[in-house]
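Written below as structure tokens is the structure these notes are about.
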Amino acid sequence: MNSRQALPQPTMLHAQLMRGRLDVTVDASSIAPDSLFGFAERRNPKRAFLFVSRVLGRHIPVRPAVMQQSFEDLAARIPADLPGPVLIIGMAETAVGLGAGVHRAYSQARDDVLYMVSTRHPTGTELFARFEEEHSHASAHLIHQPVDPDLREMMLAALSLVLVDDEASTGKTFINLHHALVEAGLTRIERLVTCVLTDWSAGAVSRSANVQTEQVSLLQGNYHFAEDPEAPLPEMPQVGTVAAGDWSLSADNDWGRLGVRSVNDSLAPDLQVKAGEKILVVGTSEFVWRPFLLAERLERAGADVHFSSTSRSPIALGHAIGHALSFADNYGLGIPNFLYNVRPGHYDRVLICTETPAQAVAAELVEALNAEVICDE
Numbered sequence: 365m366n367s368r369q370a371l372p373q374p375t376m377l378h379a380q381l382m383r384g385r386l387d388v389t390v391d392a393s394s395i396a397p398d399s400l401f402g403f404a405e406r407r408n409p410k411r412a413f414l415f416v417s418r419v420l421g422r423h424i425p426v427r428p429a430v431m432q433q434s435f436e437d438l439a440a441r442i443p444a445d446l447p448g449p450v451l452i453i454g455m456a457e458t459a460v461g462l463g464a465g466v467h468r469a470y471s472q473a474r475d476d477v478l479y480m481v482s483t484r485h486p487t488g489t490e491l492f493a494r495f496e497e498e499h500s501h502a503s504a505h506l507i508h509q510p511v512d513p514d515l516r517e518m519m520l521a522a523l524s525l526v527l528v529d530d531e532a533s534t535g536k537t538f539i540n541l542h543h544a545l546v547e548a549g550l551t552r553i554e555r556l557v558t559c560v561l562t563d564w565s566a567g568a569v570s571r572s573a574n575v576q577t578e579q580v581s582l583l584q585g586n587y588h589f590a591e592d593p594e595a596p597l598p599e600m601p602q603v604g605t606v607a608a609g610d611w612s613l614s615a616d617n618d619w620g621r622l623g624v625r626s627v628n629d630s631l632a633p634d635l636q637v638k639a640g641e642k643i644l645v646v647g648t649s650e651f652v653w654r655p656f657l658l659a660e661r662l663e664r665a666g667a668d669v670h671f672s673s674t675s676r677s678p679i680a681l682g683h684a685i686g687h688a689l690s691f692a693d694n695y696g697l698g699i700p701n702f703l704y705n706v707r708p709g710h711y712d713r714v715l716i717c718t719e720t721p722a723q724a725v726a727a728e729l730v731e732a733l734n735a736e737v738i739c740d741e
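For the sequence shown, my numbering assigns the number 365 to the initial residue and increments by one for each residue that follows.
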């Protein structure tokens, strides 16, 4: 990907949704906008529209090499001279893998970078902060305190904060998170960077923060949604819980909720693939970074690999969402989860990766995809 460049003239895009019309103006982008995102409609009365990334590996299966390029391209835009320690936070659930990829790329040149994620899964350890993503299907986010004393000290000493998400619509969620972190004790922050694939927020975070702020992205523009007042509001599934489920999480096998400086590629180390074999690696909910590392390894071994993930985000069929599977979550929360744009029979092998036991993965999902379940042990 090239550096983001202003387009010869703004690119105009639109989508007619069931609840209104979404008009988008793209002012600058590193790649063709329709290669970066598509449109979809949320099953959410609070916000009707969704920008669906084509490079993220969440709602549309993506080759690992394409995802890696977006990690590197975004990390290259983060100022290299940020005062350290640098704390990078990936936003649940959609951007926890994106944040990990940006962290890996950015930390190649320095060793004072800590990665953490917001989460909707309690770990049973001490909570540091809580904030709200007001428009979301699951508005509450948790930030846990690192258990390791060195990582906890590194977090509290952070002079720079990098917040990573797939897109910024208004910037309000970033503003809420920054305020919550400062109130919880992250008081030494001198530089704030928001880092997204697509930025529609018109500099809102820079105008609101009381520290030096930069907003970096692969695409920048604005949108207008004209809602049809006569359109019925959708019924949204209840997916907003932040309670612990039936399957407890291990704080000893953390990949970001409690802070990490690196994560090992540890899933299925002996897995063998054939050259050209069509494989889909599926992460589950927030557990996506170790599955991505597996997908990356299988791609290097010569397989034809795509990566995707289950989600608690309820999205209507249409536009960028051509197919949807619905099933029970694998944490024992009793909420629906979804897998988008994955049609049964399309791949030679499907590998569903989970941080919960194999029996926690919905049997109907495994059966529909004729999948193998790989557990993080």
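Ideal Cβ positions, reconstructed from N, Cα and C, are used throughout, including at glycine.
Kindly indicate the opening and closing residues of the alpha helix (DSSP H) around residue i.
i      : result
Pro428 : 428-441
Lys536 : 536-548
Arg661 : 653-664
Leu733 : 727-733
Val466 : 460-470
Glu517 : 513-520
Arg713 : Unbroken run through Arg713 is the beta strand (DSSP E), 713-718; no alpha helix (DSSP H).
Val569 : 568-572
Cβ of residue i less than 9 Å from any chain D Cβ?
i      : result
Phe401 : Given the protein chain composition of this structure (a single chain), no chain D is represented.
What are the boundary residues of the beta strand (DSSP E) that includes residue i?
i      : result
Ala404 : 401-405
Gly647 : 642-647
Ser690 : 688-692
Met480 : 477-481
Ser417 : 413-417
Ala504 : 504-508
Arg452 : The sequence given here has Ile at residue 452, not Arg. Note, Ile452: beta strand (DSSP E), 450-454.
Asp668 : 668-673
Arg552 : Element bounds for Arg552: n/a, residue is neither H nor E.
What does a CB cutoff of less than 8 Å around residue i pick up in its chain, not counting 5 residues either side in sequence?
i      : result
Glu554 : Pro447, Leu523, Ser524, Val575, Gln576
Leu491 : Leu506, Ile507, His508, Gln509
Under 9 Å between the Cβ atoms of residue i and residue j?
i      : j      : result
Thr562 : Phe671 : no
His505 : Ala439 : no
Ala667 : Ala688 : no
Gly647 : Cys717 : yes
Glu742 : Phe702 : In the structure as shown, the chain begins at 365 and stops at 741. Residue 742 is therefore absent and cannot be evaluated.
Met480 : Ile452 : yes
Gly682 : Asn705 : no
Leu462 : Asp391 : no
Arg625 : Val450 : no
Val419 : Phe403 : no
Leu381 : Thr389 : no
Glu736 : Arg713 : yes
His543 : Asp387 : no
Leu697 : Ala607 : yes
Glu496 : Thr537 : yes
By Cβ distance, which residues of its chain are closer than 6 Å to residue i, with the 5 residues on each side in sequence left out?
i      : result
Leu657 : Asp629
Val546 : none
Arg385 : Ala590
Ala724 : Trp611, Asn694
Thr375 : Val390, Pro397
Using a Cβ-Cβ cut-off of 7 Å (strictly less than) and excluding sequence neighbours within five positions of residue i, which residues of its own chain qualify?
i      : result
Ala469 : Phe435, Glu436, Ala439
Val669 : Arg427, Pro428, Ile643, Val645, Ala659, Leu662, Glu663
Ala502 : Because the pLDDT of Ala502 is 48, which lies under 50, any placement of that residue in the model is unreliable, and the question is left without a value.
Leu622 : Thr487, Thr489, His508, Pro510, Val511, Ala615
Ala459 : Val528, Asp529, Asp530
Gln472 : none
Ser570 : Thr577, Gln579
Please indicate yes or no: does the CB of residue i lie closer than 8 Å to some heavy atom of the ligand FAD?
i      : result
Arg427 : The ligand FAD is absent from the structure shown, which contains no ligands of any kind.
Going by DSSP, name the residue or residues bridged to residue i.
i      : result
Asp563 : Ala532, Gln584
Ser579 : Looking at the sequence shown, residue 579 is not Ser but Gln. According to DSSP, which records beta bridges pairwise, Gln579 is partnered with Thr558.
Leu381 : Gly384
Val706 : For Val706, which the question treats as bridged, DSSP gives no partner whatsoever.
Ile738 : Cys717
Leu420 : Its beta-bridge partners do not exist; DSSP assigns none.
In chain order, which beta strand (DSSP E) runs of at least 3 residues are fully inside the stretch 598-625? Listed in chain order, nothing qualifies, since the stretch 598-625 has no complete beta strand (DSSP E) run of 3 or more residues.
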